[in-house]
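Student: So the sequence lines, in the order shown, correspond to chains A and B.
Quick note: our numbering has the first sequence finishing at residue 226, numbered continuously throughout.
Quick note: our numbering has the second sequence finishing at residue 1226, numbered continuously throughout.
The beta carbon of each residue, even a glycine, is placed where N, CA and C say it ideally should be.
One structure coming up, written as structure tokens, with questions to follow.
Protein chains: 2
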Amino acid sequence: MKINKCLDCNIKSVAAQYLSEDELTHLQNQCASVDFKPGEVIFKQGALSSNIIYIKRGLVKLHIQGPHREQIIKITKSPKYLGIPTTIHEKINQYSATALEPTSVCFIDIETFKNFIYNNGKFAYEIVVDLCQNELKTFKQCVNRTQKQIKGRVAEAILFFSNDIYNNDEFILPLTREEFANLTDTSRESVCKTLNEFHVDKIIELDSKKIKILNRKLLETISEKG
Amino acid sequence: MKINKCLDCNIKSVAAQYLSEDELTHLQNQCASVDFKPGEVIFKQGALSSNIIYIKRGLVKLHIQGPHREQIIKITKSPKYLGIPTTIHEKINQYSATALEPTSVCFIDIETFKNFIYNNGKFAYEIVVDLCQNELKTFKQCVNRTQKQIKGRVAEAILFFSNDIYNNDEFILPLTREEFANLTDTSRESVCKTLNEFHVDKIIELDSKKIKILNRKLLETISEKG
DNA sequence: AAATAAATGTGAAATATCTTACATTTTTAC
DNA sequence: GTAAAAATGTAAGATATTTCACATTTATTT
């Protein structure tokens, strides 16, 4: 755990770009940078929430323990604030965050963060915008998850990694089949079957965790039609 | 459409309670109060978004047109801001809002609202808190919807109306069976069957739209176990 | 390097839910 | 007040998905 130099940080959030030199100096004293390996828990559902997390580098899953299984509610990469909803106005974390790839995060003191909202309107506005876009994404995701059937949900997840995370037709899936099932709201077995079906139909190339999109058009159609 | 007197308004939002007299005077000139009957659309998915909505009185459903059916993503009663996510930083409404009961709302000019966030830290903070709590609720709801089976989801919806909307064991369901299905992510027929099952099992009393909870404990168990 | 644990693949049976089809009731419009 | 439209109820067959059971591969530990 080392103290980070916020003033010189070149991976600031949009909101933090509106902080003054004085505010950044203050942040520097109330903020710690920590590294996580894949699989390591950043914060845990049920634990006391005390810091806002800022992902500087890496990939993280947010997950909730549901009545029947673990559910991945969101996968998010840097740069991004994490856990604002579960820290502001909540004593206990309502969900967990776990690193999927080597990840560096800043732990920001909640009072410092609150004071920025109180005293810096541009910072506050950017945080509001970020929260709003989160909610819109969550709505859409919820509609997708509940209305599409498995093929559509798996296709959507593949496109998500390709478009939103790796910007590449080819990527290494950062999840086990079990986790992929928790993301697509289905069973491990159904994920295996569906991925292999896509493989047989030459929609994707599949070599354990390596996925390459071969027929993007068709994948998009499957994702949209559900 | 009449101009509302914000200064004298006794159903201000928590955030608006932090507005100064000057700010309220300004709001008064940039804000219009409108009444809606049940079934009337307040704003529509796909239309240009231009105002923040504040529900002064009534009950509203937020709904999205999904790939296969209409989905009710949220039911919310006064006092509450609506459509912040779909108005801030978005040009087009990402979802619709429709009145379920006689409803009065204020249309607040987006620039006025933005300026309050920029210039009034306490107002901004309350908006952030509200958005955070929305996101947490949406997460939980999404987990419930995707993991529970029909009985659990219907039980949950009945408890929602009883606990969160009407604060009463007995209430008139403000939805058709079709809408109830759109809320619980199932078909109209399955809703009918499940409600009648609960009725036969003496968990609820059911007379078309009138519902009375007879066995709350059991209903809660069904809701939790899914 | 061997042994153990974890992850993955695959088919068949079990099950929840949807769809279809139609009867009945309630609401709305003229 | 009657006709038309919308909403509701109910059963049976169709279907998507899960669960179970087990084989196989890959990773981890000693």
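#1: Which residue spans inside the region 65-131 of chain A form an unbroken beta strand (DSSP E) run of at least 3?
#2: How many angstroms separate the CA atom of residue 1125(B) from the CA atom of residue 1134(B)?
#3: Which stretch, first to last residue, makes up the alpha helix (DSSP H) that contains residue 1196(B)?
#4: So residue 47(A) contacts chain B; which residues on that side make the cut at Cβ distance below 8 Å?
#5: Tell me the residue span of the alpha helix (DSSP H) that contains residue 227(A).
#6: Taking the CB atoms as reference points, tell me whether residue 1013(B) and residue 1110(B) lie closer together than 8 Å.
#7: In chain B, what lies closer than 8 Å to residue 54(A) by C-beta?
#8: Helix, strand or coil for residue 1205(B) per DSSP?
#9: Pick helix, strand or coil for residue 167(A), following the three-state DSSP scheme.
#10: Would you verify that the beta carbon of residue 145(A) is, or is not, closer than 8 Å to some beta carbon of chain B?
#11: Can you list, in chain order, the residues of its chain whose CB lies under 7 Å from that of residue 1112(B), leaving out five sequence neighbours each side?
#12: Taking residue 1136(B) as the query, report the chain A residues whose CB atoms sit under 8 Å from its CB, ordered along the chain.
#13: Thinking C-alpha only, which one of 115(A), 57(A) and 76(A) is nearest residue 96(A)?
#14: So is residue 192(A) buried or exposed if we call it buried at 16+ other beta carbons inside 10 Å?
#15: Under 8 Å, CB to CB, which of the residues in the region 61-86 of chain A have a partner in chain B?
#16: Quick check: is the beta carbon of residue 1133(B) nearer than 8 Å to any beta carbon in chain A?
#17: Let me check one thing: in DSSP terms, what residues is residue 35(A) bridge-paired to?
#18: Using a Cβ-Cβ cut-off of 8 Å, state whether residue 1121(B) counts as contacting chain A.
#19: For residue 54(A), which beta-bridge partners are listed by DSSP?
#20: Any heavy atom of the ligand NAD closer than 7 Å to the beta-carbon of residue 1027(B)?
#21: For residue 66(A) versus residue 1143(B), is the C-beta spacing smaller than 8 Å?
#22: For residue 151(A), would you say it is in contact with chain B, using Cβ-to-Cβ distances shorter than 8 Å as the test?
#23: Between the region 1086-1102 of chain B and the region 1049-1064 of chain B, are three or more C-beta pairs nearer than 8 Å?
#24: Is residue 1221(B) buried or exposed, if buried means 16 or more other CB atoms sit within 10 Å of its CB?
#25: I believe residue 36(A) touches residue 105(A) by the beta-carbon criterion, under 8 Å. Please report the beta-carbon distance rounded to the nearest angstrom.
#26: Could you pull out every residue in the same chain whose Cβ sits closer than 6 Å to the Cβ of residue 41(A), ignoring the five residues on either side in sequence?
#27: Can you list, in chain order, the residues of the region 1155-1172 of chain B whose Cβ is nearer than 7 Å to any Cβ on chain A?
#28: From the beta carbon of residue 139(A), is the nearest beta carbon of chain B less than 8 Å away?
#29: Check this for me: beta carbons of residue 188(A) and residue 178(A), under 8 Å apart or not?
#30: How long is the line joining the alpha carbons of residue 1(A) and residue 16(A), rounded to whole angstroms?
#31: Could you name the residues of chain A that residue 1185(B) contacts, counting a contact when the two beta carbons are closer than 7 Å?
#32: Distance check for residue 1175(B) and residue 1207(B), CA to CA, integer angstroms please.
#33: I think residue 1084(B) touches residue 1024(B), with their Cβ atoms under 8 Å apart; what is that distance to the nearest whole Å?
#34: Could you tell me the distance, in whole angstroms, from the CA atom of residue 1215(B) to the CA atom of residue 1155(B)?
#35: Quick one: is residue 129(A) near chain B, going by C-beta distance under 8 Å?
Tutor: Taking the definition as stated:
#1: 70-77, 80-82, 96-99 and 103-109
#2: Here residue 1125(B) refers to the residue found at position 125 of the second sequence. Here residue 1134(B) refers to the residue found at position 134 of the second sequence. Rounded to the nearest angstrom, the two C-alpha atoms are 14 Å apart.
#3: Here residue 1196(B) refers to the residue found at position 196 when the second sequence is read from its first residue. Segment 1188-1200, the alpha helix (DSSP H) holding residue 1196(B).
#4: Within the first sequence, numbered from 1, the residue matching residue 47(A) stands at position 47. Within 8 Å Cβ-Cβ: nothing; residue 47(A) doesn't reach chain B, min ~15 Å.
#5: Any property of residue 227(A) remains undetermined from this structure, which presents chain A solely from 1 to 226.
#6: In the second sequence, counting from the first residue as 1, residue 1013(B) sits at position 13. In the second sequence, counting from the first residue as 1, residue 1110(B) sits at position 110. In terms of Cβ geometry, residue 1013(B) and residue 1110(B) do not form a close pair [threshold 8 Å].
#7: Taking the first residue of the first sequence as 1, we reach residue 54(A) at position 54. The premise fails here: residue 54(A) is roughly 16 Å from chain B at the closest Cβ pair, so nothing lies under 8 Å.
#8: Reading the second sequence from its first residue, position 205 is the one you call residue 1205(B). If DSSP states are grouped into helix, strand and coil, residue 1205(B) belongs with the strands.
#9: Taking the first sequence and counting its residues from 1, the one referred to as residue 167(A) is at position 167. Three-state result, residue 167(A): coil.
#10: Numbered from its first residue, the first sequence carries residue 145(A) at position 145. Yes, residue 145(A) counts as interfacial toward chain B.
#11: The residue given as residue 1112(B) occupies position 112 in the second sequence. So the list reads 1026, 1027 and 1030, once near-sequence residues are dropped.
#12: What you label residue 1136(B) is simply residue 136 of the second sequence in a count that begins at 1. Per Cβ cutoff of 8 Å: 85, 86, 90 and 94.
#13: Mapped onto the first sequence, residue 96(A) falls at position 96. Residue 96(A) has its Cα closest to that of 76(A), out of 115(A), 57(A) and 76(A).
#14: Taking the first residue of the first sequence as 1, we reach residue 192(A) at position 192. That one is exposed.
#15: 64, 66, 67, 68, 69, 71, 73, 84, 85 and 86
#16: As a first step, residue 1133(B) is located in the second sequence; it is residue number 133 there, counting from the start. For residue 1133(B), the answer is yes, since a Cβ of chain A falls inside 8 Å of its Cβ.
#17: Along the first sequence, read from residue 1 onward, the residue named residue 35(A) stands at position 35. Partner(s): 104(A).
#18: The count along the second sequence starts at 1 and reaches residue 1121(B) at position 121. Chain A, which has a Cβ nearer than 8 Å to the Cβ of residue 1121(B), makes this yes.
#19: Working through the first sequence from its first residue, we reach residue 54(A) at position 54. 81(A) and 106(A).
#20: Inclusion of the ligand NAD in the displayed structure is not the case, the ligand content being empty and no account of it being possible.
#21: Locating residue 66(A) in the first sequence gives position 66, counting from the first residue. Locating residue 1143(B) in the second sequence gives position 143, counting from the first residue. The answer is yes: Cβ separation under 8 Å.
#22: Taking the first residue of the first sequence as position 1, residue 151(A) is located at position 151. Taking Cβ atoms only, chain B never reaches closer than 8 Å to residue 151(A), which makes this a no.
#23: yes
#24: To locate residue 1221(B), count along the second sequence from 1; it is residue 221. Under this definition residue 1221(B) is an exposed residue.
#25: Numbered from 1 along the first sequence, position 36 holds the residue referred to as residue 36(A). Numbered from 1 along the first sequence, position 105 holds the residue referred to as residue 105(A). Between residue 105(A) and residue 36(A) the Cβ distance is about 7 Å, and since that is below 8 Å, they are a contact.
#26: The sequence position of residue 41(A) within the first sequence is 41, counting from 1. Counting only Cβ-Cβ distances below 6 Å, and skipping sequence neighbours, we find 98.
#27: none
#28: Along the first sequence, one-based indexing puts residue 139(A) at 139. At least one chain B Cβ lies under 8 Å of residue 139(A).
#29: Here residue 188(A) refers to the residue found at position 188 when the first sequence is read from its first residue. Here residue 178(A) refers to the residue found at position 178 when the first sequence is read from its first residue. Yes. Within cutoff.
#30: Within the first sequence, the letter at position 1 stands for residue 1(A). Within the first sequence, the letter at position 16 stands for residue 16(A). Reliability of the predicted coordinates at residue 1(A) is poor, the pLDDT of 46 falling under 50, and no value is obtained from them.
#31: Taking the second sequence and counting its residues from 1, one reaches residue 1185(B) at position 185. Per Cβ cutoff of 7 Å: 146.
#32: As a first step, residue 1207(B) must be located in the second sequence, where it is residue number 207. As a first step, residue 1175(B) must be located in the second sequence, where it is residue number 175. Answer to the nearest angstrom: the Cα atoms are 14 Å apart.
#33: Translated into the one-based positions of the second sequence, residue 1084(B) becomes position 84. Translated into the one-based positions of the second sequence, residue 1024(B) becomes position 24. Going by Cβ atoms, the distance from residue 1084(B) to residue 1024(B) rounds to 19 Å, so no, they are not a contact pair.
#34: Along the second sequence, one-based indexing puts residue 1215(B) at 215. Along the second sequence, one-based indexing puts residue 1155(B) at 155. Each residue's alpha carbon lies about 11 Å from the other.
#35: As a working note, residue 129(A) is residue 129 in the first sequence. Closer than 8 Å: yes.
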